[in-house]
Amino acid sequence: MINQFLNVSEYSMIGFLGVAFAYLATCVLLGAFIHKLPQDHGRAYAHDGVLSAGKPRGAGFIFILVFVAAALIFGNLERETIIYLILVVAAMMTGFLDDCAKVSWGELRKGLLDLIIAVMTAFTYVNFNGSDVLISITGQTFTLPPVVYGILAVALVWGSINVT
Numbered sequence: 002m003i004n005q006f007l008n009v010s011e012y013s014m015i016g017f018l019g020v021a022f023a024y025l026a027t028c029v030l031l032g033a034f035i036h037k038l039p040q041d042h043g044r045a046y047a048h049d050g051v052l053s054a055g056k057p058r059g060a061g062f063i064f065i066l067v068f069v070a071a072a073l074i075f076g077n078l079e080r081e082t083i084i085y086l087i088l089v090v091a092a093m094m095t096g097f098l099d100d101c102a103k104v105s106w107g108e109l110r111k112g113l114l115d116l117i118i119a120v121m122t123a124f125t126y127v128n129f130n131g132s133d134v135l136i137s138i139t140g141q142t143f144t145l146p147p148v149v150y151g152i153l154a155v156a157l158v159w160g161s162i163n164v165t
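As numbered in the numbering used here, the sequence shown has no gaps in its residue numbers, which increase by one up to the final residue, 165.
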């Protein structure tokens, strides 16, 4: 957004300012709101799970909101980018609301919500970019059927959400 208002062609400087903004804002907001985050209830069956009780969790809420703000301020506002930012916020909210819940949502409910987000992300990517695959080492490009590409994208995104 800034680059559109200022007509800046030096994207590396805008990118640096965006990263610096995100870092500083995250540090300030984490320091200010660490006590407002939900606390870990401990895990009954995990090794030393009781030791985690009382620790703050859900800091991704702050990280993601700052990331989205930085992307909106310093990035290019295109329809595809905005859709991805909405999906990132949706993925963060499912995790945060699960963390806030007195009783965990359970792996099935959380996994299904993440799967829906992954499907929407894959659909968006294929819709805007197609299903071409570039092998960077050789420079060769080949096209996968969109359904196969979408299934692989869903697996990648769904796995990434759950790893994070």
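Glycine included, C-beta positions come from ideal geometry on N, C-alpha and C.
Being a predicted model, the structure only gives us computed values, none of them experimental.
For LEU135, the uninterrupted beta strand (DSSP E) segment begins and ends at 133 to 136. Secondary structure of THR122 (DSSP, three-state): helix. Contact annotation: the segment 70 to 84 does not touch the segment 111 to 120, with fewer than three C-beta pairs closer than 8 Å.
Contact check for ALA70 against ALA21 fails: the beta carbons are separated by 9 Å or more. Here PHE143 is bridged, per DSSP, to VAL134. If you draw a straight line from the Cα of LEU88 to the Cα of ILE65, it is about 11 Å long. Rounded to the nearest angstrom, the gap between the Cα atoms of VAL158 and LEU135 is 19 Å. Membership of ILE87 in the alpha helix (DSSP H) is indicated by the continuous run 80 to 101. Just measuring C-alpha positions, the residue of TYR126, VAL164 and ILE138 sitting nearest ILE152 is TYR126. Between the alpha carbons of HIS36 and ALA102 lies a gap of roughly 17 Å. Taking every protein chain shown into account, the CB of GLY140 has fewer than 16 other CB atoms within 10 angstroms, so this residue is exposed. DSSP places SER13 in the uninterrupted alpha helix (DSSP H) bounded by 12 to 34. Membership of VAL69 in the alpha helix (DSSP H) is indicated by the continuous run 61 to 75.
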